[in-house]
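Enquirer:
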Amino acid sequence: MTEAALRRVRVWDRPTRLVHWSLLLLVALSWWTAANDHLTWHVLSGLFILGLTLFRLIWGVLGSETARFASFLRGPRTVLAYAATLFDRVRPSAIRVGHNPLGGWSAMLLLLLLLIQACFGLFSVDIDGFDAGPLAALISFENARWAAHWHHRIFTLLLALIALHVAAVAFYLAVRHDNLLAPMLSGDKAVPATITAPRQGTDRLAALCALAAGAVVVVVSRLPQILR
Amino acid sequence: MTSRLIPVLTVAAILAATGGLDAAAAIDAAQVITARQENLKTLGKTFKALREELSKPAPDRAAIVGDSQTILKLSQALPTWFPAGSGPEAGIKTAAKPEIWAKPAQFAEVASAISLQTGKLSELAVAGDFAAIAAQTKETATACGNCHKDFRVKDD
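Residue numbers (the numbering used here), protein chains in the order written: chain A, 2 to 229; chain H, 2 to 157.
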């Protein structure tokens, strides 16, 4: 198959890309605000991360084909078979759209870890009992400190997973000559004509999902006031 | 003979004196550190309770006065919680940095800055101006943080 036989299709829809890059910025912001004692902003940033991960979970069920968990979470046999071909250079005929079997689990793991991290943050309190997540008021100082302790630990784990993610993208470019970064920026990828373009979710549906996720975050963050 | 004996006796006297001082300053490091940690936890716990009370639509003034009194008393006693020998050299897990004992003047300064703020906090609590109390909790937390920045090991 020649290069000429490739055509560009939309592989990552707008909401998925927006969530991806927003999460990168917000994780960086969360780290910076925590390191520089801007905890009010840290809490806000964390709430946005919670909202984005919740949206992504909903979008993983209702969204575009490549965003759906059912399309990219594969069984162990598929994952292992794929891992065995990891060092092969990708021929145009082997080009795929969406997550590969390893990348799918990597994305899922990152998403779940971000969700867990945000939840621990909701209950965390600092050592002085001054800066706290919106749900720390529901639990004791000791338990909120325990949450903060794990909030720190999970961040280290998260950094390791992000490093692996970036290393994998670099590996795909260097070894497999497969540029994963460009499609996550533009949304499009050149694929053989034999591959059908993935079905896309509408922006209206995405807006509804975002609204739902946002509503959940608002309710969660105000739970102590609501329960009062 | 006498001239050679004097330095020996002097050294012996110094040794005896410092040994004596050591004995006088001997502390139960485990007990001191545990008590200190309990007190600091009570401070954090009380501060959390105070802030949560203030965030209610109708804060309970008596509770706020009580919390601010607890915070004031503990913070005034704080400088006495760090006797020599209760640092990391005691071999017990503590977040207290050796700088507390290496820079006693600086430590005394940040410690007294805390009780200055908690003093204002308790005065405002008695006066019952909730907005002013809330603003003062921020000043107090900054004073706590200033001490932690230089004298407390960061959480892992």
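Positions of the beta carbon are idealized from the N, C-alpha and C atoms, including for glycine.
(1) Does any residue of chain B have a CB that is nearer than 8 Å to the CB of A/Asp179?
(2) First and last residue of the beta strand (DSSP E) that includes H/Ala64?
(3) Would you call the CB atoms of A/Thr54 and A/Ala119 closer than 8 Å?
(4) Starting from the beta carbon of H/Thr138, find every residue of chain A whose beta carbon is closer than 8 Å, and list them in chain order.
(5) Any chance you could list the alpha helix (DSSP H) runs of at least 4 consecutive residues sitting entirely within the stretch 44-119 of chain A, in chain order?
(6) Tell me, please, whether the CB atom of A/Phe230 is closer than 8 Å to any CB atom in chain H?
(7) Between A/Phe121 and A/Ala148, how many whole angstroms is the CB-CB distance? I'm expecting something under 8 Å.
(8) In angstroms, rounded to a whole number, what distance separates the CA positions of H/Ala24 and H/Cys148?
(9) Assign H/Leu22 to buried or exposed, taking buried as 16 or more other Cβ atoms, counted over all protein chains shown, within 10 Å of its Cβ.
(10) Quick one: Cα of A/Ile163 to Cα of A/Leu111, how far?
(11) What residues are listed by DSSP as bridge partners for A/Lys190?
(12) Ends of the alpha helix (DSSP H) at H/Val33?
(13) Going along the stretch 113-136 of chain H in order, which residues come within less than 7 Å of chain A, judged by CB to CB distance?
(14) In terms of DSSP beta bridges, what is H/Arg153 paired with?
(15) Mind checking if A/His153 is an interface residue toward chain H, Cβ cutoff 8 Å exclusive?
(16) Under a CB-based cut-off of 8 Å, is H/Glu53 close to chain A?
(17) Since H/Phe48 meets chain A, which of its residues come closer than 7 Å, beta carbon to beta carbon?
(18) Taking a contact to mean a Cβ-Cβ separation below 8 Å, would you say A/Arg18 touches A/Lys190 in this structure?
(19) A/Arg177: which of A/Val167, A/Thr195, A/Asn144 and A/Phe88 sits nearest, CA to CA?
(20) So if I threshold CB-CB distances at 8 Å, which residues from the stretch 78-111 of chain H count as touching chain A?
(21) If we define contact as Cβ-Cβ less than 8 Å, is A/Ala214 a contact residue for chain H?
(22) In whole angstroms, what separates the C-alpha of H/Gly129 from that of H/Ser123?
(23) Does the stretch 23-39 of chain A come close enough to the stretch 202-214 of chain A to have 3 or more Cβ pairs within less than 8 Å?
(24) Within 8 Å of any Cβ in chain H, is that where the Cβ of A/Leu170 sits?
(25) Go through the stretch 140-211 of chain A residue by residue and report every complete run of the beta strand (DSSP E) that reaches 3 residues or more, in order.
(26) State the Cα-Cα distance for the pair H/Glu140 and H/Lys104, rounded to the nearest angstrom.
(27) Taking the beta carbon of A/Asn37 as the centre, do at least 16 other beta carbons fall within 10 Å, making it buried, or is it exposed?
(28) Assign H/Ile28 to buried or exposed, taking buried as 16 or more other Cβ atoms, counted over all protein chains shown, within 10 Å of its Cβ.
(29) Under the assumption that H/Ser76 contacts H/Thr119 (Cβ atoms under 8 Å), give the Cβ distance between them as a whole number of angstroms.
(30) Quick one: give me the first and last residue of the alpha helix (DSSP H) that A/Ala35 is part of.
(31) Under 9 Å Cβ-Cβ, which residues of chain H neighbour A/Ala138?
(32) Taking all protein chains shown into account, do 16 or more other C-beta atoms lie within 10 angstroms of the C-beta of A/Trp1, making it buried, or fewer, making it exposed?
Expert: In short:
(1) Given the protein chain composition of this structure (A and H), no chain B is represented.
(2) It is not in any beta strand (DSSP E) - H/Ala64 instead sits in the alpha helix (DSSP H) that spans Arg62 to Ala78.
(3) yes
(4) Phe131
(5) 70-73 and 77-85
(6) Limits of chain A in this structure are 2 at one end and 229 at the other, which puts residue 230 of chain A out of reach.
(7) 5 Å
(8) For H/Ala24, the pLDDT reaches just 41, beneath the cut-off of 50, and the residue's location in the model is therefore unreliable, although a value from the coordinates is still provided. Distance between the alpha carbons of H/Ala24 and H/Cys148: 30 Å.
(9) Unreliable positioning characterises H/Leu22 in this predicted model, as indicated by a pLDDT of 43, which lies under 50. A coordinate reading is not provided.
(10) 8 Å
(11) A/Val10
(12) Ala30 to Leu55
(13) none
(14) H/Ala97
(15) yes
(16) yes
(17) Asp129, Gly130 and Phe131
(18) no
(19) A/Phe88
(20) none
(21) no
(22) 10 Å
(23) no
(24) Checking the sequence, you will find Val at residue 170 of chain A rather than Leu. For A/Val170, the answer is no, since every Cβ of chain H falls outside 8 Å of its Cβ.
(25) 189-193
(26) 24 Å
(27) exposed
(28) exposed
(29) 4 Å
(30) Arg15 to Ala36
(31) Lys49, Arg52, Glu53 and Ser56
(32) Nothing about residue 1 of chain A can be reported from this structure: the residues present for chain A run from 2 to 229 only.
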